[in-house]
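Residue numbers (the numbering used here): 214 to 514. Idealized CB from N, CA, C, for every residue including glycine.
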Amino acid sequence: MWVVLTGAVVSLVINHFVPVLSALTVAVLLGVLIPVHADLRLVTRRFLRAGVVLLGLQLSLSEVTSLGFGTVVAVVVTVLTAFFGTLALARWIGVSRGLGLMVATGFSICGASAIVAMDSVARTDKEDVAASVTLVTLYGTAAIALVPLIGSGMGSEFLGKWAGLSVHEVAQVVAAASPAGAAAVGIAVVVKLTRVVLLAPIVAGVGFFQRQDGPKPPVVPLFVVGFLVMVLLRSTGILPPVVLDGAKLGTTVLLAAAMFGLGTTVRLRQVLRSGRRGLVLGALSTVLVGAVAFGTLMVAG
């Protein structure tokens, strides 16, 4: 346990000095690069599940409804189109099913945390998980520069919504929306966290189909149910700000610890097998998410 916690703390320190790199990204890279001989799979799974549960305290139902019906529709359409569209692109390009599923999940919902949550119900290689996290990092970082550049003529509210709908990681969303001001950042984060809510039904759907063939994972993992319960608890308004701030930090620490543990299971040579096809899939998925998000916002948001 102390090994993964140490990795999480180091990743938070690096993130503090290099904010463009999310703590989760740094953590998985440290896990890949630092030789660790202990078996960390059990503790990694526990930290991941606890982190996803606490993530629910970052969003309330009132924040979702404040976006307006059209924006919520845009979120749902964008996530579903990006998820199933990326799966189709993966088949067309010829990448493995596992990598295609992980990229579809991470790019359409919430980056690394969505990827490792989906891994709990899907039968995928750890190398596919790590490769998809790498792709999320690469293209999410590129979006930090491209979103404000492309959206320079948009209003701050529209750009905030577009950043929240199209950029992969929460930290990357904040960075992409920052040039448009604090109001844009606030809207972007709420839109992004609304995307996160869709993690539950998508993981449940994949879990259901996984049960049809082979080992039978739970249709909806308990930690995903816990995430939804935390959203409802936050929505009651009974939790003081100090608790919510502590939960936010705790979420980052737990998920960073899980990502470090995941990284220790990875062998770089196997990750690199995704090669050019993985890069192409990441690029096409990023364009798909951005284009669908822009189009749905223009129509409905």
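When the options are compared against residue i, the one with the closest alpha-carbon
i       : options                            : result
Phe-436 : Thr-449, Gly-418, Leu-261          : Leu-261
Thr-219 : Leu-467, Leu-492, Ala-327          : Leu-467
His-381 : Arg-489, Ala-506, Val-277, Leu-274 : Ala-506
Val-444 : Gly-269, Ser-224, Ala-460, Leu-302 : Gly-269
Gly-264 : Thr-509, Thr-464, Thr-477          : Thr-464
Ala-330 : Leu-234, Leu-510, Leu-494, Ala-413 : Ala-413
Gly-450 : Ala-396, Ala-417, Gln-271          : Gln-271
Thr-277 : Val-410, Pro-454, Thr-509          : According to the sequence shown, residue 277 is Val rather than Thr. Of the candidates Val-410, Pro-454, Thr-509, the one whose C-alpha sits nearest the C-alpha of Val-277 is Val-410.
Val-387 : Ser-379, Lys-374, Leu-378, Ala-401 : Ala-401
Arg-304 : Val-500, Val-403, Ala-496, Arg-490 : Arg-490
Ala-504 : Leu-378, Leu-494, Lys-405          : Leu-378
Leu-372 : Met-315, Ala-397, Val-442          : Ala-397
Ala-417 : Val-438, Val-290, Val-404, Val-403 : Val-438
Leu-446 : Leu-492, Ile-357, Ser-365, Ser-275 : Ser-275
Gly-364 : Glu-340, Ser-391, Thr-354, Asp-341 : Ser-391
Ala-355 : Ala-513, Gly-508, Val-512, Leu-492 : Leu-492
Arg-259 : Met-214, Pro-454, Ala-395          : Met-214
Ile-415 : Val-512, Phe-297, Leu-362          : Phe-297
Leu-441 : Gly-508, Ser-273, Val-290, Leu-362 : Ser-273
Endpoints, alpha helix (DSSP H) assigned at residue i
i       : result
Val-226 : 215 to 230
Glu-382 : Segment: none, Glu-382 is in no alpha helix (DSSP H) and carries neither H nor E.
Phe-440 : 435 to 449
Gly-313 : 310 to 318
Ala-343 : 339 to 363
Ile-328 : 325 to 332
Pro-248 : From DSSP, Pro-248 is part of no alpha helix (DSSP H); its letter is neither H nor E.
Leu-253 : Note, Leu-253: premise wrong, no alpha helix (DSSP H); not H, not E.
Pro-454 : 454 to 477
Arg-304 : 282 to 306
Arg-517 : As shown, the chain starts at 214 and ends at 514. That puts residue 517 outside it, with no answer to give.
Ser-275 : 274 to 279
Arg-336 : Element bounds for Arg-336: n/a, residue is neither H nor E.
Ala-206 : Nothing about residue 206 can be read from this structure; the chain reaches only from 214 to 514.
Test item: CB-CB of residue i and residue j under 8 Å
i       : j       : result
Val-334 : Gly-420 : yes
Ala-221 : Ala-389 : no
Ile-306 : Arg-408 : no
Ala-384 : Val-360 : no
Val-346 : Ala-325 : yes
Thr-299 : Ser-448 : no
Phe-249 : Val-292 : Contrary to the premise, residue 249 reads as Val rather than Phe in this sequence. Not in contact: Val-249 and Val-292 (Cβ atoms no closer than 8 Å).
Val-286 : Leu-494 : no
Gly-313 : Asp-338 : no
Ala-344 : Gly-476 : no
Ala-236 : Tyr-352 : no
Ala-295 : Val-502 : yes
Val-404 : Val-288 : yes
Leu-267 : Ala-460 : yes
Thr-509 : Val-290 : yes
Residue i burial status per 10 Å Cβ neighbour count (16 or more: buried)
i       : result
Asp-332 : buried
Ala-317 : buried
Val-456 : exposed
Gly-244 : buried
Ser-279 : exposed
Leu-253 : buried
Val-349 : buried
Val-231 : exposed
Gly-319 : buried
Leu-462 : exposed
Asp-458 : exposed
Gly-368 : exposed
Leu-246 : exposed
Val-512 : exposed
Leu-362 : exposed
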